[in-house]
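*Asks:*
Numbering (the working numbering), first residue to last: 5 to 494.
#1: Taking the straight line between their C-alpha atoms, what separation do you get for residue 333 and residue 451?
#2: Which term fits residue 391, buried or exposed, when burial requires 16 or more other beta carbons within 10 angstroms of its beta carbon?
#3: Out of 163, 427, 113, which one is the CA nearest neighbour of residue 284?
#4: On the premise that residue 230 lies in contact with residue 237, defined as a C-beta separation below 8 Å, what is that separation, rounded to the nearest angstrom?
#5: Please report the residue range of the alpha helix (DSSP H) in which residue 91 lies.
#6: From 381, 150, 71, pick the residue whose C-alpha is nearest to that of residue 366; which is it?
#7: Quick check: the region 338-348 against the region 449-466, are there 3 or more CB pairs under 8 Å?
#8: With distance defined between alpha-carbon atoms, name the residue in 86, 264, 103 nearest to residue 73.
#9: Quick check: residue 359 and residue 116, are their CB atoms within less than 8 Å of each other?
#10: From residue 140 to residue 92, what does the alpha carbon distance come to, in whole angstroms?
#11: Does the region 308-324 come within contact of the region 286-294, defined as at least 3 CB pairs closer than 8 Å?
#12: Given that a residue counts as buried once 16 or more other Cβ atoms are within 10 Å of its Cβ, and exposed if not, what is residue 80?
#13: Helix, strand or coil for residue 381? Go by DSSP, reduced to three states.
#14: Name the residue from 104, 405, 397, 442 whose alpha carbon lies nearest to the alpha carbon of residue 213.
#15: Considering Cα atoms alone, identify which of 362, 349, 154 is closest to residue 396.
#16: Report buried or exposed for residue 576, applying the criterion of at least 16 other Cβ atoms within 10 angstroms of its Cβ.
#17: Is residue 307 helix, strand or coil by DSSP?
#18: Is DSSP giving residue 387 helix, strand or coil here?
#19: Measure how close the beta-carbons of residue 357 and residue 462 come, nearest whole angstrom, since I'm counting them as under 8 Å.
#20: Would you say residue 315 touches the ligand FAD, meaning its beta carbon is less than 7 Å from a heavy atom?
#21: Would you mind stating whether residue 370 and residue 401 have Cβ atoms separated by less than 8 Å?
#22: Quick one: is residue 223 buried, meaning 16 or more other Cβ sit within 10 Å of its Cβ, or exposed?
#23: One question on the structure: do residue 165 and residue 281 come within less than 8 Å of each other, judged by their Cβ atoms?
#24: Within 10 Å of its beta-carbon, does residue 69 have 16 or more other beta-carbons around it, so buried, or fewer, so exposed?
#25: Contact defined as beta carbons within less than 8 Å: I believe residue 220 pairs with residue 110. What is the distance between those atoms, to the nearest angstrom?
#26: Take residue 299 as the anchor and find which of 202, 145, 327, 335 has the nearest alpha-carbon.
#27: Quick one: measure Cβ to Cβ for residue 137 and residue 260, integer angstroms, because I've assumed they're closer than 8 Å.
#28: Whole-angstrom Cβ separation of residue 77 and residue 271, contact assumed at under 8 Å?
#29: Which of the three DSSP states is assigned to residue 234 in this structure?
#30: Does the distance from the C-beta atom of residue 161 to that of residue 427 stay below 8 Å?
#31: Under the rule that 16 or more other beta-carbon atoms within 10 Å means buried, what is residue 54, buried or exposed?
#32: If we cut at 8 Å on Cβ distances, does residue 348 have a partner in chain C?
#33: Counting C-beta neighbours from all protein chains within 10 Å, is the total for residue 336 16 or more, i.e. buried, or is it exposed?
#34: If I measure Cβ to Cβ from residue 317 and keep anything under 7 Å in the same chain, skipping five residues before and after, which residues do I get?
#35: State the start and end residues of the unbroken alpha helix (DSSP H) segment that holds residue 325.
#36: By the DSSP assignment, the alpha helix (DSSP H) with residue 266 in it spans what residues?
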């Protein structure tokens, strides 16, 4: 998607002859382990804009949607719900189509990744190292995200929030039943459910209900027991090719989808009703994410890889822009994989670390939980003590790992964390729900950005490399959509 460089090693026919003359005008430069980037012909800005699904088209679509949404919101007093629903149809259909290929993609990606890990285990024993470093890195960065969020909210944001009047704390009768159901969930039940979700009772039901953790574990088991090079493995490879071709078409439609996802959501925002507390909630969340994404993670990244983290972040812009538009790490997964591969990350690491990060690496969500909990407490005049913050850190870490990568999935877990430290769920929770769609986009963008950093870091630590031609073959597979012109690169 977007302005991504063509990744291709100079190909040689099987008879050993030299590469075709058409490739003689390009110079291969190293891009990472096992990969070479062929410098594409220089294109004008307008040519880049016209490329199907380019990052510039997505940026322009997002800015146009924001502009129209804010103008309509400020000029029109009451927008009919039917108008919002109808306007959202194109974006909803695009997002549904993108989600439809996520589970098959995760299954095939994990099966093939485990097959490669088995081969590496026999040759160099790096499979366990990859798993340990990937999971360990994700857990450590999540704990760091929760910790600095709690420090900021305790020292700064909680002191800026004000107690609201009793009327604003009242809960609508229709909402109270839902809140009570969420509040009754015990802490241990959440932990038990998280572990139970790892092993499905019915794999078909897990696929139908989008139980991603269960599907992931099942795919790992299948990938381990399936016969390498057998008929079933070849079928998995063919399915992956078909999925990638579908994804290619959907990525071309990304600007349209992002536009119709953002604009209708802005219609729901009443700017006049945003008060001091809500401003602190939004500002505190964004500041925490900026600190994590642009200071903490880049420091870790540079210390390990000695590469410019901000250059990597900009090169992976199609991923985090799509994440901002869709508010779903799962829906953005195809774009994230494409961007990570373009940065020289081996296919094996990409197919293992990125889907896993989509499921458990939720740094943006981890930052958000403590701020919401303190928001609910401060508006009622409740002050949390040190023990409460420790509980919030532990539960936020578990909750962020267990959160499904779909829009606004953290709302239920927010109630559980708040209730665990004795904070009543009042009408202010409705304010959190009302604004969650907005902050969810930034959380998702942070989550996806951290996945791209993680893939490069894990590659550097483990030293895993692709076999000769493997990266180029897989990139060609990604780039070759159905009935697409050869000169159009995704």
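Note that beta-carbon positions come from the ideal geometry of N, C-alpha and C, so glycine has one too.
*Replies:* Let me spell this out:
#1: For this step, residue 333 is matched to residue 329 along the chain shown. For this step, residue 451 is matched to residue 447 along the chain shown. Those two C-alpha atoms are separated by around 7 Å.
#2: Working through the chain shown from its first residue, we reach residue 391 at position 387. Flag for residue 391 reads exposed.
#3: For the purposes of this step, residue 284 is taken as the residue at position 280 of the chain shown. For the residues 163, 427, 113, the minimum Cα distance to residue 284 belongs to 163.
#4: In the chain shown, counting from the first residue as 1, residue 237 sits at position 233. In the chain shown, counting from the first residue as 1, residue 230 sits at position 226. In this structure residue 237 is in contact with residue 230, their Cβ atoms being roughly 6 Å apart against a cut-off of 8 Å.
#5: Looking up residue 91 in the chain shown gives position 87. From DSSP, the alpha helix (DSSP H) with residue 91 extends over 85-91.
#6: By 1-based counting over the chain shown, the position of residue 366 is 362. Cα-wise, what sits closest to residue 366 is 150.
#7: Judged by Cβ distances under 8 Å, the region 338-348 makes contact with the region 449-466, as three or more pairs qualify.
#8: The residue labelled residue 73 in the question sits at position 69 within the chain shown. Among 86, 264, 103, the Cα nearest to that of residue 73 belongs to 264.
#9: One-based indexing of the chain shown puts residue 359 at position 355. One-based indexing of the chain shown puts residue 116 at position 112. It is not a contact, given that the beta carbons lie outside the stated cut-off.
#10: Walking along the chain shown from the start, residue 140 turns up at place 136. Walking along the chain shown from the start, residue 92 turns up at place 88. Near 39 Å, if we compare the C-alpha coordinates of residue 92 and residue 140.
#11: Contact fails: fewer than three Cβ-Cβ distances are below 8 Å.
#12: Position 76 of the chain shown, counted from the first residue, corresponds to residue 80. Counting other Cβ atoms within 10 Å of its Cβ, residue 80 stays below 16 and is therefore classed as exposed.
#13: What you label residue 381 is simply residue 377 of the chain shown in a count that begins at 1. Residue state, collapsed to three classes: helix.
#14: By 1-based counting over the chain shown, the position of residue 213 is 209. The residue from 104, 405, 397, 442 with its alpha-carbon nearest to that of residue 213 is 104.
#15: Start at 1 with the first residue of the chain shown, and residue 396 comes out as number 392. Closest option to residue 396, Cα to Cα, is 154.
#16: With the chain covering 5 to 494 only, the question about residue 576 has no answer from this structure.
#17: Here residue 307 is taken as the residue at index 303 of the chain shown, counted from 1. Helix.
#18: On the chain shown, residue 387 is found 383 positions in, with the first residue counted as 1. Reduced to three states, the DSSP call for residue 387 is coil.
#19: Taking the first residue of the chain shown as 1, we reach residue 357 at position 353. Taking the first residue of the chain shown as 1, we reach residue 462 at position 458. That belief holds up - the Cβ atoms of residue 357 and residue 462 are roughly 5 Å apart, short of 8 Å.
#20: Questions concerning the ligand FAD fall outside what the structure shown contains, since it holds no ligand whatsoever.
#21: The residue you call residue 370 lines up with position 366 of the chain shown. The residue you call residue 401 lines up with position 397 of the chain shown. In this structure, residue 401 lies closer than 8 Å to residue 370 by Cβ.
#22: Counted from its first residue, the chain shown places residue 223 at position 219. Residue 223 sits buried, since 16 or more C-beta atoms from the chains shown fall within 10 Å of its C-beta.
#23: Taking the chain shown and counting its residues from 1, the one referred to as residue 165 is at position 161. Taking the chain shown and counting its residues from 1, the one referred to as residue 281 is at position 277. Closer than 8 Å, so yes.
#24: The residue given as residue 69 occupies position 65 in the chain shown. Buried, since its Cβ has 16 or more Cβ neighbours within 10 Å.
#25: Against the chain shown, residue 220 aligns to sequence position 216. Against the chain shown, residue 110 aligns to sequence position 106. About 6 Å; that satisfies the 8 Å criterion.
#26: Within the chain shown, residue 299 is the residue found at index 295, counting from 1. Closest option to residue 299, Cα to Cα, is 145.
#27: Against the chain shown, residue 137 aligns to sequence position 133. Against the chain shown, residue 260 aligns to sequence position 256. Between residue 137 and residue 260 a beta carbon distance of about 39 Å is seen, past the 8 Å cut, so the two are scored as non-contacting.
#28: What you label residue 77 is simply residue 73 of the chain shown in a count that begins at 1. What you label residue 271 is simply residue 267 of the chain shown in a count that begins at 1. About 6 Å separates the two Cβ atoms, so the contact holds.
#29: The residue you call residue 234 lines up with position 230 of the chain shown. Of the three classes helix, strand and coil, the one that applies to residue 234 here is coil, per DSSP.
#30: Taking the chain shown and counting its residues from 1, the one referred to as residue 161 is at position 157. Taking the chain shown and counting its residues from 1, the one referred to as residue 427 is at position 423. Not in contact: residue 161 and residue 427 (Cβ atoms no closer than 8 Å).
#31: Taking the chain shown and counting its residues from 1, the one referred to as residue 54 is at position 50. Residue 54 sits exposed, since fewer than 16 C-beta atoms from the chains shown fall within 10 Å of its C-beta.
#32: Judged by its chain identifiers, the structure shown contains no chain C, having just a single protein chain.
#33: Position 332 of the chain shown, counting from 1, holds the residue named residue 336. With 16 or more Cβ atoms within 10 Å of its Cβ, residue 336 is classed as buried.
#34: As a working mapping, residue 317 is identified with position 313 in the chain shown. So the list reads 453, once near-sequence residues are dropped.
#35: On the chain shown, position 321 is the one that residue 325 refers to. Unbroken alpha helix (DSSP H) run through residue 325: 321-330.
#36: For this step, residue 266 is matched to residue 262 along the chain shown. Annotation for residue 266: the continuous alpha helix (DSSP H) segment containing it runs 258-271.
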